[in-house]
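2 protein chains.
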Amino acid sequence: MLDDRKAAILRAVVSEYIKTAQPVGSSHIAASPGIGVSSATVRGEMVHLESEGYLVQPHTSAGRVPTEKGYRFFVDQLGGVGRLGAAQRMQVREFFASAHGEIEYVLEKTSRLLAQLTGWTALVVEPPADSSVIRAAQIVDMGGSTALAVLVLSNGVVEKYPIELPSELDCSVIGEASARLAARVIGKHPRSLSSSSAFGERLEGDRPDSSPGPLSSAGGDRSSSEGSAAGGEGAAAKQSSRTTGRGSISTAEDLVDAVCFAIGCGEGSAESGQVFVGGASQMAAAFDAVETVREVLGILEQHLVVVTLLRDVLDRGLSVAIGVEEHGLEPLAACSVVVAPYEVEGKPSGTVGVLGPTRMDYPRALAAVSVVGEQLSERWKDAGRSGSGSRSGNDGGVRAVESE
Amino acid sequence: MLDDRKAAILRAVVSEYIKTAQPVGSSHIAASPGIGVSSATVRGEMVHLESEGYLVQPHTSAGRVPTEKGYRFFVDQLGGVGRLGAAQRMQVREFFASAHGEIEYVLEKTSRLLAQLTGWTALVVEPPADSSVIRAAQIVDMGGSTALAVLVLSNGVVEKYPIELPSELDCSVIGEASARLAARVIGKHPRSLSSSSAFGERLEGDRPDSSPGPLSSAGGDRSSSEGSAAGGEGAAAKQSSRTTGRGSISTAEDLVDAVCFAIGCGEGSAESGQVFVGGASQMAAAFDAVETVREVLGILEQHLVVVTLLRDVLDRGLSVAIGVEEHGLEPLAACSVVVAPYEVEGKPSGTVGVLGPTRMDYPRALAAVSVVGEQLSERWKDAGRSGSGSRSGNDGGVRAVESE
DNA sequence: CTCTGGCACTCGATCTTACCGAGTGCCAGA
DNA sequence: TCTGGCACTCGGTAAGATCGAGTGCCAGAG
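Order-wise, the sequence lines are chains V and S.
Going by our numbering, the first sequence opens with residue 1, and the numbers climb by one from there.
Going by our numbering, the second sequence opens with residue 1, and the numbers climb by one from there.
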């Protein structure tokens, strides 16, 4: 589609622009290595590249800037995956050798690591509950008319489901229910309980306005007023059906059913996977328009949007989404996303990603994101245990060669 | 210290500046209600106010701007607590009537609410674990050589402690340990286990080299490199000793000891109380210097710093900390913090706060923060249950009168 | 003694103009 | 087909020029 010379010129323009954030002129390109022609020739080629939509001029007599199409071509054909520098490889290795602890803790730290590696904002999404299996379950009487169902998943995540009891149940009922619950759900996938619990449907019938299904915009929430900040994220949807069906719990079995139903609906803590945002402050370095920063941060506050964004990109088989054309979020018009999946127990589960301006260093971001993704997969490969894994020395997936 | 007229003028200057963010001139003041004198007179008074440090001129022939001392006087003597508008009262009432669910969920939502009420960034700190009592405890075998101790606290928080087992213990040992753990810790304060736990003192198994003393900095942590983002927050301290002493766990009792020790040290998930930051994007609206935004966001990423900040301010008996002089954080030089405590089960536990530019609307922020604090206290007044509380209609502590 | 209107003065913000130079498009010659 | 040359464009910056909000001070009124 593009002959070699044009491609080389495009690559040079992109690389230079990534570095300087300034429109780049023909003479710079002519001077860069690999281009054996004069600036006049480069200019000629640039005219072509521009007419085909790979470059634009902010105005006459300015250098050229890559378009989203230009970046896309660069990423697909020219950039490759890039490599991390030695220091960064080291950093990754040390990090994964020493990062012990619960899954959330590790993921949060990972988001910081990734932010530091790339210089931009990092996004790490927790594996959704349905990729794990229930390891333990218990119902705890919290006093009053409340109980808390606690689930431990095989990946180390703990989910909580607040249960409202219609009346003071006897302690022994709760105890019995707890035991029955454990017997019934251990070893199963939490989300699979939705359908398997016959009682669920019964309950659902009892509740006219039950589970409006996440992502549906439920009712008259505070009218999303001015602040884009607090508006979005399906706040409404979650806020409503947060307590479990209170239809007719009287026996232990009823209680277990109710809990199973709640679990199946995923009404508990681990909605669709928590998001950890690292290095949000770096966003402020990406743009000089304070308004842009505001908009981007606004999006980052809407975790559901972020999760969806990453998942969408991945679902479409992409690892890079450049500009609003490809990711679809207006406020992120000047941004691109680079993502990679990671696996837990061998199954694709979570995602890691980097959010930066469209003029970010894609090869580097790709490298960082994929290394981190691999390392995370490595950590939770065998069993979904929560802690440790003292694989030092071996930095397995860290395929890191010197960067340019 | 300041005669009535000076005070009135100072009040007018502060109010005006809060509204417009522009230096305010004598004629504006003279025109505002409550000032019955000419601009010349106002000017004269302003000279005094300036010489005493309540006001400054950005440059000759500009209006005056309040100094931190000026704000302080305003807050202490002039501003009062302020009142929320009817719409906002409504919003708070609806929010607390409908916000069900786990404590973390409610607190996160609360931070958004507060951000929306004030227009600035809101900070909500989870109650520390030691203000609650353990309601349930269990040790879950996670496969491999890992186990997870799960604690349910009376305030609805669930803590997790990853435990590394030296060798494959028999399942029954874990089961027994789990039962013993429950018997031993239920009803106690988690942090009280540190000393009361016989682990350090004694208990049957004499353990020669037990307890390698967590909190000792274990490894060569990544050298806190450049990025201020990922640097701070005592990352090192936490990262290292994240797994419990693995000295010589062989019996169930050993295991229980180890877990108790870990709990006592607070090595688990609920470090010193999670922080929920709401409306961070609003920070970008507060300043037009992108660099300032970056610095402030950088601080917000360091949760430990935020917790400490809020706690410090509260400990000093303040509810407002104006400027770096009073809160001590250089990067927040242009910011003030307004805080209020909230109670769980009658004891002061968490804090809510608002972070804004020094020229924020203190009365409004104070009103919002205290109302929200009261409402949170109200919610968890009786029992530290996790969910619900359908007190609608009654908007208890929402003492809200029309604002200016 | 205090307050007020008046007045000269200051100085940042804004606008105008001029200029510079990076970068372009085009063209004639190698 | 490539290259050096050349006229041209136009954003960015610097230098005045201007405007006006706001000040300090002072003399006169209350």
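Glycine included, every Cβ here is placed at the ideal spot set by N, Cα and C.
Straight-line CA distance for residue i to residue j?
i        : j        : result
V/Ser26  : V/Leu297 : 36 Å
S/Thr20  : V/Arg294 : 20 Å
V/Arg83  : V/Val92  : 13 Å
S/Leu78  : V/Ala286 : 41 Å
S/Lys160 : V/Phe261 : 24 Å
V/Ser132 : S/Ala149 : 18 Å
V/Ala367 : V/Ser98  : 21 Å
S/Ser111 : V/Gly278 : 19 Å
S/Val324 : S/Thr308 : 15 Å
S/Pro357 : S/Cys335 : 4 Å
V/Phe88  : V/Met283 : Reading off the sequence shown, one finds Gln at residue 88 of chain V, where the question assumed Phe. The alpha-carbon atoms of V/Gln88 and V/Met283 are separated by roughly 21 Å.
V/Leu113 : S/His28  : 52 Å
V/Trp380 : V/Ser15  : 36 Å
V/Val115 : V/Leu300 : Per the sequence presented here, residue 115 of chain V reads as Ala, with Val not at that position. So the two alpha carbons sit approximately 14 Å from each other.
V/Leu332 : V/Ser281 : 16 Å
V/Pro128 : V/Met142 : 27 Å
V/Thr121 : V/Gln302 : 15 Å
S/Ile186 : S/Asp130 : 13 Å
V/Glu94  : V/Leu117 : 13 Å
S/Lys69  : V/Pro58  : 48 Å
V/Val47  : S/Tyr362 : 57 Å
V/Ile9   : V/Gly53  : 14 Å
V/Leu55  : S/Asp288 : 31 Å
V/Lys6   : V/Ser39  : 13 Å
V/Val158 : S/Glu50  : 58 Å
V/Asp3   : V/Arg72  : 16 Å
S/Val13  : S/Ile35  : 11 Å
S/Val256 : S/Arg184 : 9 Å
In chain order, what residues of the same chain have a beta carbon less than 8 Å from the beta carbon of residue i, not counting five sequence neighbours either side?
i        : result
S/Thr146 : Pro162, Ile163, Glu164, Leu165
S/Met90  : none
Which residues in the same chain have their Cβ closer than 6 Å to the Cβ of residue i, if we skip the five residues on either side of it in sequence?
i        : result
S/Ala62  : Pro23
S/Lys238 : With a pLDDT of 39 at S/Lys238, under the threshold of 50, the predicted position of this residue should be treated as unreliable, though the coordinate-derived value follows. Contacts found: none.
V/Arg364 : Gly82
V/Ser154 : Ser132, Val133, Arg135, Gly384
S/Lys188 : Ile134
V/Ser370 : Ala340
V/Arg222 : The pLDDT assigned to V/Arg222 is 34, lower than 50, so where the model puts this residue is not dependable; a value taken from the coordinates is nonetheless given after this. There are no such residues.
V/Met1   : none
V/Lys347 : Ser131
S/Gln138 : Val150, Ser178
Which chain V residues are close to residue i, counting only those with a beta carbon under 9 Å from its beta carbon?
i        : result
S/Arg294 : Ser281, Gln282, Met283, Ala284, Ala285, Val293
So with CB distances below 8 Å, who are the chain S contacts of residue i?
i        : result
V/Ala136 : Gln138, Val140, Val150
Which chain S residues sit within Cβ distance under 7 Å of residue i?
i        : result
V/Asp288 : Val290
For residue i, which residues from the same chain have a beta carbon less than 7 Å from its beta carbon, with the 5 sequence-adjacent residues on both sides left out?
i        : result
S/Glu108 : Phe276
S/Val140 : Ala147, Leu148, Val150
V/Arg11  : Phe74, Leu78
V/Ala321 : Val313, His327, Ser336, Val337
V/Tyr17  : Val24, Val65, Pro66, Arg359
V/Gly373 : Ala340, Pro341, Tyr342, Val352
S/Thr292 : Ala334
Whose Cβ in chain V lies nearer than 8 Å to the Cβ of residue i?
i        : result
S/Gly298 : Ser281
S/Glu374 : Under the 8 Å cutoff, chain V gives no residues; its nearest Cβ is about 20 Å from S/Glu374.
For a contact defined as C-beta to C-beta under 9 Å, what are the partners of residue i on chain S?
i       : result
V/Glu16 : Neighbours of V/Glu16 on chain S: none; closest Cβ ~23 Å, over 9 Å.
Given 8 Å as the limit, tell me if residue i has its C-beta closer than that to any heavy atom belonging to the ligand NAD.
i        : result
V/Gly119 : For the structure depicted, the ligand NAD is absent and the ligand set is empty, with no information on it obtainable.
| request: Taking a Cβ distance cut-off of 9 Å, strictly less, list which residues of the segment 321-354 of chain S are near chain V, in chain order. | output: none
| said: Please list, in chain order, the residues of the segment 158-178 of chain V that have any C-beta partner in chain S closer than 7 Å. | reply: Val158, Lys160, Pro162, Glu164
| request: Anything in the segment 107-136 of chain S with a Cβ closer than 8 Å to a Cβ of chain V? List those residues in chain order, please. | output: Lys109, Arg112, Leu113, Ala115, Gln116, Gly119, Arg135, Ala136
| task | Output, in sequence order along the chain, the residues in the segment 37-71 of chain S whose CB is closer than 7 Å to any CB in chain V. | result | none
| task | With 7 Å as the C-beta to C-beta threshold (strictly closer), list the residues of the segment 301-313 of chain V near chain S in chain order. | result | Glu301
| In the segment 80-128 of chain S, which residue ranges form an unbroken alpha helix (DSSP H) of at least 4 residues, counting only runs that do not cross its ends? | 86-98, 103-118
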